Structures are given as structure tokens and as C-alpha cells.
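Enquirer: Starting off with a structure, shown below.
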Amino acid sequence: MSDERPESVDDFRATYERMLGFVPPRVASRFEASETDNPELLLAQERLRNMIMYPETLDQKTVQLVLFGILHAKLSDAAKLHGLAALRAGASWDELRAVIDLAFLFTGFSAINRGPQVLADIAELEKKAKENESD
3 MSDERPESVD DFRATYERML GFVPPRVASR FEASETDNPE LLLAQERLRN
53 MIMYPETLDQ KTVQLVLFGI LHAKLSDAAK LHGLAALRAG ASWDELRAVI
103 DLAFLFTGFS AINRGPQVLA DIAELEKKAK ENESD
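If you use this note's numbering, the sequence shown corresponds to residues 3 to 137, in order.
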């Protein structure tokens with residue numbers, strides 16, 4: 003990430019598009035509702051997210067792999083988005099599998115049983131993101 007932080011709603015929306023190739027539906031809904039209801043709160047939320055998600059001390063591949071692991075261990079659907087972001091930041095499929103194995107070690111069979119489906123979902127998201135970018 004450059005030294006300049008996003009400032010406008012459109013700038014923040016663009017960070018999702020760069021990270022994933024699209025704005026996730028839940029995020030898009032939050033943006034849509036907050037832009038009219040409480041735009042200052044939306045900007046505050048996005049500034050905080052941006053400050054934490056783009057630390058100077060970690061590269062984006064590492065950040066996204068960590069987030070993927072945390073969210074996968076919590077069995078969160080958002081894990082697949084951060085798995086996709088990790089791939090787009092340079093992670094390999096083997097690295098994603100290793101993170102799933104680590105989540106299993108501390109979470110148990112639920113994490114490892116969900117792993118293949120999460121990877122399949124990430125592959126589908128990656129395909130859609132590439133299609134969107136080529137349009």
C-alpha cells in the first residue's frame with residue numbers, strides 16, 4: 003500500500019476492489035446503507051479497518067494469510083474472501099492448505115472438514131474476480 007491512506011467512500015470501495023477484484027455483497031450493502039444514513043461513521047469504520055489491515059510492518063500476503071487462518075479457525079464465511087485476497091497478494095494454494103492445517107491443529111475437525119469446500123469457494127471467487135477484471 004502507498005503512504006497515502008484512502009479518504010473518500012469511493013477510495014475505500016476501491017481498496018476492496020484491489021484486494022478481491024470486487025466489493026463483497028455484505029460490504030456493498032453496508033456502504034450503500036451508511037452512505038445515506040451515517041457517512042461519517044462509515045468513513046470512521048473504514049479508516050480504522052484500513053489502518054489495521056495495511057500495517058507498515060507486514061506485507062499484504064502475510065496479513066491476508068493471518069486473517070484467513072483466524073477466520074477459518076472461527077468457521078467464518080469471510081475466510082474465503084481473505085483466502086482470495088491472500089492469493090491475489092502472492093500466496094500459493096499450498097500456503098492456504100497449510101493455514102487450514104494450522105487452524106485444524108487449534109480448532110479441530112470442523113476446520114479441516116470445511117477446508118476443501120473453502121478452497122473450492124476461493125477458486126470460484128478467483129474465477130469470478132478474473133472475469134470481472136477482464137470485462
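Backbone N, C-alpha and C define an ideal beta-carbon position, used for all residues, glycine too. Just so we're clear, the structure is a prediction, and the values are computed from it rather than from any experiment.
1) Are at least three pairs of beta-carbons, each pair with one atom in the region 66-76 and one in the region 103-117, less than 8 Å apart?
2) Helix, strand or coil for T59, going by three-state DSSP, please let me know.
3) Roughly how far, in whole angstroms, is the beta-carbon of I124 from the beta-carbon of L89, given that I think they are within contact range, below 8 Å?
4) If you follow the alpha helix (DSSP H) that N134 is in, where does it begin and where does it stop?
5) Identify, in the order they occur along the chain, each residue of the same chain with its Cβ nearer than 8 Å to the Cβ of V120, setting aside the five sequence neighbours on each side.
6) Could you tell me which uninterrupted beta strand (DSSP E) segments, each at least 3 residues in length, are contained entirely in the region 60-93, listed from first to last along the chain?
7) Where does the unbroken alpha helix (DSSP H) through S31 begin, and where does it stop?
8) Does DSSP put R7 in a helix, in a strand, or in coil?
9) Tell me which residues share the same chain as G117 and place their Cβ nearer than 7 Å to its Cβ, disregarding the 5 neighbours each side in the sequence.
10) Beta carbon of N52, beta carbon of F14: below 8 Å?
11) Are A87 and L22 close, meaning C-beta to C-beta below 8 Å?
Expert: With the structure as the only source:
1) With a cut-off of 8 Å, the region 103-117 and the region 66-76 count as touching, because enough Cβ pairs lie within range.
2) For the purposes of this step, residue 59 is taken as residue 57 along the sequence shown, with counting starting at 1. Looking at T59 - three-state DSSP - the assignment turns out to be coil, as it is neither helix nor strand.
3) Taking the first residue of the sequence shown as 1, we reach residue 124 at position 122. Taking the first residue of the sequence shown as 1, we reach residue 89 at position 87. Sure, about 7 Å apart at Cβ, within 8 Å.
4) Residue numbering aside, residue 134 sits at position 132 when the sequence shown is read from its first letter. Counted as a single uninterrupted DSSP element, the alpha helix (DSSP H) harbouring N134 occupies residues 111-136.
5) Reading the sequence shown from its first residue, position 118 is the one you call residue 120. So the qualifying residues of the chain are H74, A81, K82, G85, I102.
6) Secondary structure within the region 60-93: not one fully enclosed beta strand (DSSP E) run of 3 or more consecutive residues is present.
7) The residue given as residue 31 occupies position 29 in the sequence shown. Note, S31: alpha helix (DSSP H), 27-39.
8) Walking along the sequence shown from the start, residue 7 turns up at place 5. Of the three classes helix, strand and coil, the one that applies to R7 here is coil, per DSSP.
9) As a first step, residue 117 must be located in the sequence shown, where it is residue number 115. Once the five neighbours on either side are set aside, the close Cβ partners of G117 are I102.
10) Residue mapping note: residue 52 aligns to position 50 of the sequence shown, counting from 1. Residue mapping note: residue 14 aligns to position 12 of the sequence shown, counting from 1. Taking 8 Å as the Cβ cut-off, N52 and F14 qualify as a contacting pair.
11) As a working mapping, residue 87 is identified with position 85 in the sequence shown. As a working mapping, residue 22 is identified with position 20 in the sequence shown. Yes, the pair counts as a contact, with Cβ atoms nearer than the cut-off.
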